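Q: For the sequence shown, the residue numbers in our numbering are 72 to 614.
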Amino acid sequence: MRHSLKNALGLTALLAGTASGVSFAGLSPTAQEMFTESMTWMDWHYDPKAGYLYDFSASAALRHETRSSAWYALGLLARNSDNDVAEAEKIITNIISSQYKVPSEEWYGDYQKYPQEPYVGSAKYPAKRYSSWDPNWRGFIGTSLILAIEEYSNLLSDETQGLMLKSLYNCSVGDSYRFGSLEPGGDNLWPSYSNPAIMRAFVSGWTGRRMQDSNMTKAGEKYAQEILDLFDEFNTLSEFNSGTYTGVSLFGLHLWSKYLPKDSIMAKNGPRMIKETWKVIAKLWHPGLKNMAGPWDRSYGYDMNRYLSLMSLWLWPLIGKENSGLIARPQVMSHKADYAWAPVLAVLVDEHKKFIPKEILDNLGKFIGEHEYHTSARYPPYDNVPRNFTFWVMEKMTIGAESHDQIGVGGAAGADSFNPAVVQWDTGDEISWISLYPTEKAMRARVYHNKLVMTYPKGNDKSEFRLIVGTFDKKPNVSGWDDLQGLRVKVSGNVDKRYDIVFGGANGGGAGTINDFENWRFIYKMPSGFKGVPELVLEFEHI
72 MRHSLKNALG LTALLAGTAS GVSFAGLSPT AQEMFTESMT WMDWHYDPKA GYLYDFSASA
132 ALRHETRSSA WYALGLLARN SDNDVAEAEK IITNIISSQY KVPSEEWYGD YQKYPQEPYV
192 GSAKYPAKRY SSWDPNWRGF IGTSLILAIE EYSNLLSDET QGLMLKSLYN CSVGDSYRFG
252 SLEPGGDNLW PSYSNPAIMR AFVSGWTGRR MQDSNMTKAG EKYAQEILDL FDEFNTLSEF
312 NSGTYTGVSL FGLHLWSKYL PKDSIMAKNG PRMIKETWKV IAKLWHPGLK NMAGPWDRSY
372 GYDMNRYLSL MSLWLWPLIG KENSGLIARP QVMSHKADYA WAPVLAVLVD EHKKFIPKEI
432 LDNLGKFIGE HEYHTSARYP PYDNVPRNFT FWVMEKMTIG AESHDQIGVG GAAGADSFNP
492 AVVQWDTGDE ISWISLYPTE KAMRARVYHN KLVMTYPKGN DKSEFRLIVG TFDKKPNVSG
552 WDDLQGLRVK VSGNVDKRYD IVFGGANGGG AGTINDFENW RFIYKMPSGF KGVPELVLEF
612 EHI
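1) What residues in its chain sit with their C-beta under 8 Å from that of Leu82, if we drop five residues either side in the sequence?
2) Go to Asp497, then tell me how far its beta strand (DSSP E) extends in each direction, as first and last residue.
3) Checking 7 Å against the spacing of the C-beta atoms, do Gly146 and Pro401 come in under that value?
4) Would you call Phe250 buried or exposed, if buried means 16 or more other Cβ atoms sit within 10 Å of its Cβ?
5) Tell me which residues share the same chain as Pro267 and place their Cβ nearer than 7 Å to its Cβ, disregarding the 5 neighbours each side in the sequence.
6) Just the C-alpha distance for Lys424 and Asp433, rounded to the nearest angstrom, thanks.
7) Taking Cβ to Cβ, would you say Trp367 is nearer than 7 Å to Asn312?
8) Expressed to the nearest angstrom, what Euclidean distance is found between the alpha-carbon atoms of Thr510 and Val560?
9) Any contact between the stretch 327-346 and the stretch 436-451? By contact I mean 3 or more CB pairs, one from each, below 8 Å.
10) What would DSSP say about Ala472, mapped onto helix, strand or coil?
11) At the level of alpha carbons, what is the spacing between Ser99 and Ile478?
12) Please determine, among Gly213, Ser215, Ala492 and Glu254, the residue with the shortest C-alpha to C-alpha distance to Arg517.
13) Which of helix, strand or coil does DSSP assign to Val403?
14) Distance check for Glu160 and Thr111, CA to CA, integer angstroms please.
15) What would DSSP say about Ala79, mapped onto helix, strand or coil?
16) Distance, Cα to Cα, Glu176 vs Ile166?
17) Measure how close the beta-carbons of Ile431 and Lys350 come, nearest whole angstrom, since I'm counting them as under 8 Å.
18) Would DSSP call Glu176 helix, strand or coil?
19) Does the distance from the CB of Ile470 to the CB of Ser506 come in under 7 Å?
20) Using 8 Å as the cut-off, can you tell me whether the stretch 370-383 makes contact with the stretch 403-418, which would need three or more C-beta pairs spanning the two stretches below that distance?
21) Under 7 Å between the Cβ atoms of Trp496 and His613?
22) Would you mind working out which of Pro174, Arg200, Ser168 and Lys199 sits nearest Gln187, comparing C-alpha positions?
23) If distances are taken between C-alpha atoms only, which option among Tyr196, Ala290 and Thr164 comes closest to Asp229?
24) Can you give, in chain order, each stretch of the beta strand (DSSP E) that sits fully within the stretch 318-370 and has at least 3 residues?
25) Roughly how many whole angstroms lie between the Cα atoms of Tyr171 and Trp204?
26) Where does Trp525 fall in DSSP's three states?
27) Kindly indicate which residue of Asp532, Ser265, Gly436 and Ala486 has the alpha-carbon position closest to the one of Lys602.
28) Of all the options Ser130, Gly279, Tyr190 and Arg200, which has the alpha carbon lying nearest to the alpha carbon of Pro255?
29) So within the stretch 155-220, which uninterrupted alpha helix (DSSP H) runs reach at least 4 residues, ignoring any that extend past its ends?
30) Pairing CB atoms from the stretch 285-295 with CB atoms from the stretch 344-360, are three or more of them under 8 Å?
31) Just how far apart, CA to CA, sit Asn521 and Lys467?
32) In the DSSP assignment, find the beta strand (DSSP E) that holds Val506 and state where it starts and stops.
33) Figure out for me which residue from Pro547, Met363, Arg537 and Ile390 has the closest Cα to the Cα of Met465.
34) DSSP on Phe543, reduced to helix/strand/coil?
35) Mapping the DSSP letters down to three states, classify Val480 as helix, strand or coil.
36) Short of 6 Å in beta carbon distance, which residues of its chain neighbour Asn459, apart from the five on each side in sequence? Order them along the chain.
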């Protein structure tokens, strides 16, 4: 793909625009609430001398952080109070000044993770994808710059807008270097990697049009077509049912739907994809448990009441904070850094409502009754066959599992994030869970009312079923199934009925936490000399 940046930049003044977009005053009350609370939290973390947010981590020793600063800058423009705009421009110019500008480097067009960072790829700081540099940050930061231009260009100087357009051009060129590879150390941006793929298509398509670069525009349309082809197989995202990344994909699809012309494949299909995704969410969101029913393709926790998910941020303005799974102070939840998304989603959510079917929007906060739900998704090249999902959603409990056959254990997400079979229930005091930790490339699952059957078609006498079980406030010591609170479990199948129990603790035990969650691990092995197909059957009674 060849680009003519010099010629394109000659059009900057013509193309910059003078948009006056969504303001804080124009937001709905619940969107204002989310915006205000999250911006107040970020105000506390802002370092005006540096023009960056401090890293939210408690172990960052006052380092700054780039991506969250971009989201904060958008919030400052939306708030537009006192010196907010000046600080936003400071942040934006800082971020752009730290963009990687050497076209021969793989991280060209990406952004530093923090301003104190040594140069990626230098002698003492080797380039390591998703560590010293993160290729997905092109999408996260690029979309934020586009939103700032689309909604608040009337507040930004021509000079700043020119820098932003140049940065977006470089960002899009750098993103064009990416392609999925199964080679060790290779990139993983396949069309099936839904959230960054959707953002890349948008940034390339939008920037190509704004800069009158037909190659870049066509590339964005091509990326989008590949995503769409996968989506249309089952009307599902390949990166399916993730409390975090379904939320990011909805964000990207909203951008497809609003900020591209009608002749774009993204503008034509984005609203339908949003609608279909919310249809799935409506089946899986449990307003009583305040969780998305599992299984989850890629999760940062086992209970959305304890880790901060983007789906909860979408739900806060739609059904109220108290119903979204968030606690009163979301900034103390696990994965709290994603709270920085809140002002961005607050700016979008009121218009996003028009893409959600009215019947779904009206009933998101209500339990719609016990139901069974089936669907499928495919994530090539990691899936040998489509993943087939079954969910039973009950008033106090959910049971779900997926049958899969993948090229590696844990599929695309990895074992700690991939949860192929999940039970959640209300103990009366808290939400607890049982989640199968993946140890096999393939599983066949059958889900019934109060029953879960799991088999390993490629298993053998060395196979294990590792069940990750939640901890209990009123029962800190667990020695067997009888100690579970609010649930009776009957175990059968051809496993050895003797099982091991290991505590995964923050400060000790036989194992560690998983995504910050302490856990009990119930481990079933196969009997000595076993031959056949390993099978574990769990039957449940909520008490």
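Each residue gets a CB set at the ideal place from its N, CA and C atoms; glycine is no exception.
As the structure is a prediction and not an experimental result, all values here were calculated from the model.
A: Taking the definition as stated:
1) Below a pLDDT of 50, predicted positions are generally treated as unreliable, and Leu82, at 45, falls in that range; the measurement from the model is reported next regardless. These residues qualify, in order along the chain: Met282 and Gln283.
2) Ala492 to Asp497
3) no
4) exposed
5) Sequence-distant Cβ neighbours of Pro267 in its own chain, meaning closer than 7 Å and more than five residues away, are Asn207, Gly210 and Leu260.
6) 11 Å
7) yes
8) 22 Å
9) no
10) strand
11) 46 Å
12) Among Gly213, Ser215, Ala492 and Glu254, the Cα nearest to that of Arg517 belongs to Ala492.
13) helix
14) 19 Å
15) A caution first: Ala79 carries a pLDDT of 47, below 50, which makes its placement in the model unreliable, though a value can still be read off. Helix.
16) 18 Å
17) 7 Å
18) coil
19) no
20) yes
21) yes
22) Ser168
23) Thr164
24) none
25) 10 Å
26) Contrary to the premise, residue 525 reads as Met rather than Trp in this sequence. Correct three-state label for Met525: strand.
27) Asp532
28) Arg200
29) 155-168
30) Contact fails: fewer than three Cβ-Cβ distances are below 8 Å.
31) 11 Å
32) Inspection of the sequence shows that residue 506 is occupied by Ser rather than by Val. It spans Ile502 to Tyr508 - the beta strand (DSSP E) in which Ser506 sits, taken as one unbroken run.
33) Met363
34) If DSSP states are grouped into helix, strand and coil, Phe543 belongs with coil.
35) coil
36) Ser447 and Ser474
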